[in-house]
Amino acid sequence: MKNPRLYRKSKQKGGAKRMEFLLDVRCVQILKDLKTRHNKSYTKIVENLILNSQVSFYKQQKITSALGSLAMLYSSLNATCSNFNQIAYHLNNAALLEENVIHLGLLQDIETQLKAWSEKTKILNLAIKKSAFIVAHCLKGDKKILKGMNL
């Protein structure tokens, strides 16, 4: 069994693994430029690149999960508005046919409440769309995330 060279053993960190990469010419040139610009070893440069990419990946996951919550809120808001439209439709039909299903005063109260809710939900709807657009722009326009939101 061969004895390892002392300099190799002394440079390895605890738990570190030695790896070999095959890179194309362009990547090697970029690594050389980074090495001379930052005055660091290739190992440190590759470690920093990997660690920075993991951070951005986790940030993207957080943003994606937040955007998923916005999408759920948006779809539930659309369902609520659809329910309001159905209620208003049936109440209007009952009023037009002069059916005494509901008292006229109560019908007017429901109408004013529905109008108020309609305005509030429009504002909330726009806020959700703007937030989703901002998040998507932060993710450099990844439109796959916005699927189903009709932005």
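What the sequence shown shows, in the working numbering, is residues 53 to 203, in sequence order.
All residues carry an ideal CB built from backbone N, CA and C; glycine is no exception.
Given the structure is predicted, the values throughout are model-derived calculations rather than measurements.
Reduced DSSP secondary structure (H/G/I, E/B, other) of SER93: For this step, residue 93 is matched to residue 41 along the sequence shown. Here SER93 sits in coil by DSSP.
Local Cβ density within 10 Å of TYR94, reported as buried at 16 or more and exposed below that: Here residue 94 refers to the residue found at position 42 when the sequence shown is read from its first residue. Exposed, by the Cβ-count rule.
Reduced DSSP category for LEU74 - H, G, I as helix; E, B as strand; rest coil: Numbered from 1 along the sequence shown, position 22 holds the residue referred to as residue 74. The answer is coil: DSSP assigns LEU74 none of H, G, I, E or B.
Supposed close pair THR173, THR132 - CB separation, criterion 8 Å: Taking the first residue of the sequence shown as position 1, residue 173 is located at position 121. Taking the first residue of the sequence shown as position 1, residue 132 is located at position 80. Yes, they are in contact, since the Cβ atoms of THR173 and THR132 sit about 7 Å apart, within 8 Å.
ASN104, DSSP secondary structure in three states: Start at 1 with the first residue of the sequence shown, and residue 104 comes out as number 52. ASN104: helix per DSSP, three-state reduction.
Distance between GLN112 and LEU122 (C-alpha atoms, nearest Å): For the purposes of this step, residue 122 is taken as the residue at position 70 of the sequence shown. For the purposes of this step, residue 112 is taken as the residue at position 60 of the sequence shown. Distance between the alpha carbons of LEU122 and GLN112: 15 Å.
At least three beta-carbon pairs within less than 8 Å, the stretch 156-173 to the stretch 128-146: yes
Residue burial classification, LEU101 (beta-carbon count within 10 angstroms, cutoff 16): For this step, residue 101 is matched to residue 49 along the sequence shown. By the neighbour-count rule (16 or more Cβ atoms within 10 Å), LEU101 is not buried but exposed.
Contact check, LEU103 vs LEU176, beta carbons under 8 Å: For the purposes of this step, residue 103 is identified with residue 51 of the sequence shown, where counting begins at 1. For the purposes of this step, residue 176 is identified with residue 124 of the sequence shown, where counting begins at 1. No.
Residues near TRP169 in its chain [Cβ-Cβ closer than 7 Å; skip 5 each side]: One-based indexing of the sequence shown puts residue 169 at position 117. Within the same chain, TRP169 has close Cβ partners PHE136.
Supposed contact pair ILE180 and TYR126 - C-beta distance, whole angstroms, cut 8 Å: Indexing the sequence shown from 1 puts residue 126 at position 74. Indexing the sequence shown from 1 puts residue 180 at position 128. Yes, they are in contact, since the Cβ atoms of TYR126 and ILE180 sit about 5 Å apart, within 8 Å.
Sequence-distant residues of the same chain with beta carbon closer than 7 Å to LEU203, five excluded per side: Looking up residue 203 in the sequence shown gives position 151. Per-residue confidence for LEU203 stands at a pLDDT of 48, beneath the threshold of 50, marking its modelled position as unreliable; the derived number appears in the next sentence. Around LEU203: LYS181, ALA184, PHE185.
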